[in-house]
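Below is one structure, written out as structure tokens, with a few remarks after it.
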Amino acid sequence: MMNGNILLAVNGTLMRGLKLNPNMLAVGAEFVSDANTAPCYRCWTINDDHPGMLRTPGEGARIALELWAVPPAGLGQILQNEPAGLCIGKVALDDGREVLGVLAEPWLVEGQKEITELGGWRAYTGQLLDE
Numbered sequence: 001m002m003n004g005n006i007l008l009a010v011n012g013t014l015m016r017g018l019k020l021n022p023n024m025l026a027v028g029a030e031f032v033s034d035a036n037t038a039p040c041y042r043c044w045t046i047n048d049d050h051p052g053m054l055r056t057p058g059e060g061a062r063i064a065l066e067l068w069a070v071p072p073a074g075l076g077q078i079l080q081n082e083p084a085g086l087c088i089g090k091v092a093l094d095d096g097r098e099v100l101g102v103l104a105e106p107w108l109v110e111g112q113k114e115i116t117e118l119g120g121w122r123a124y125t126g127q128l129l130d131e
């Protein structure tokens, strides 16, 4: 926790400037930093609408994500507004930390296009953040 807030790793449309980022801002979440997962995750595009990421020990890659400080009361609201099949779980970061993050339930990625080799949602969609 950071000043009473929960550190949350997001890897898709909740990121800055993307479709569901207003859901983060509406609950008072604050961007902390860019980060990467440990190299044990795989990522899929779910009907080109949002990503689904799964931990796959012994295989996978680093996936780009953002870390946000989320007020505890806002975490449930964010999750309720996420697409079906996404959930909160523990995400291993490449710096050795483990934080809460958005993951996919395994059924969600069945039959979907894998985008792991691209390293993340922004790289897949070309929706890079203007800095």
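By the count of full-length UniProt numbering, the sequence shown reaches residue 131 at its end, each step adding exactly one.
Glycine included, every Cβ here is placed at the ideal spot set by N, Cα and C.
What is the C-beta distance between residue i and residue j, in whole angstroms, given that I count them as a contact (C-beta under 8 Å)?
{"i": "A64", "j": "N36", "result": "6 Å"}
{"i": "R42", "j": "E114", "result": "6 Å"}
{"i": "W121", "j": "G85", "result": "Their Cβ separation, rounded to whole angstroms, is 15 Å, which puts W121 and G85 out of contact at 8 Å."}
{"i": "V32", "j": "L67", "result": "4 Å"}
{"i": "V109", "j": "W44", "result": "4 Å"}
What span of residues does the alpha helix (DSSP H) with residue i cover, start to end?
{"i": "A35", "result": "Segment 30-36 is the beta strand (DSSP E) holding A35; no alpha helix (DSSP H) there."}
{"i": "R122", "result": "121-125"}
{"i": "M24", "result": "21-26"}
Pull the bridge partners of residue i from the DSSP assignment, please.
{"i": "M68", "result": "According to the sequence provided, residue 68 is Trp. The question's Met does not apply to it. In the DSSP output, where bridge partners are listed per residue, W68 has L8, F31."}
{"i": "C87", "result": "L103"}
{"i": "E98", "result": "A92"}
{"i": "E110", "result": "Answer by DSSP bridge pairing: none, since E110 is not bridged."}
{"i": "A61", "result": "Y41"}
Between which two residues does the beta strand (DSSP E) holding residue i run?
{"i": "T45", "result": "41-46"}
{"i": "P51", "result": "50-55"}
On a Cα-Cα basis, can you pick out the residue from the options that is closest to residue i?
{"i": "E30", "options": "L118, G126, P72, R42", "result": "P72"}
{"i": "E98", "options": "G28, D34, A9", "result": "A9"}
{"i": "A104", "options": "G111, G52, N5", "result": "G52"}
{"i": "L75", "options": "Y124, K19, G28, T125", "result": "G28"}
{"i": "L25", "options": "I78, P57, I6, W44", "result": "I78"}
{"i": "N21", "options": "P57, V70, A38, C40", "result": "V70"}
{"i": "residue 143", "options": "A38, A84, T13, G96", "result": "Outside the displayed range of the chain (1 to 131) lies residue 143, so it cannot be described from this structure."}
{"i": "G126", "options": "L67, L54, H50, V109", "result": "H50"}
{"i": "T56", "options": "T45, C40, L67, K19", "result": "C40"}
{"i": "E117", "options": "N23, Q80, R62, L67", "result": "R62"}
{"i": "L93", "options": "W44, V109, D34", "result": "D34"}
{"i": "A38", "options": "L54, Q80, V109", "result": "L54"}
Check whether the Cβ of residue i lies closer than 9 Å to any Cβ atom in chain B.
{"i": "A84", "result": "Absence of chain B from the displayed structure is noted, only one protein chain being present."}
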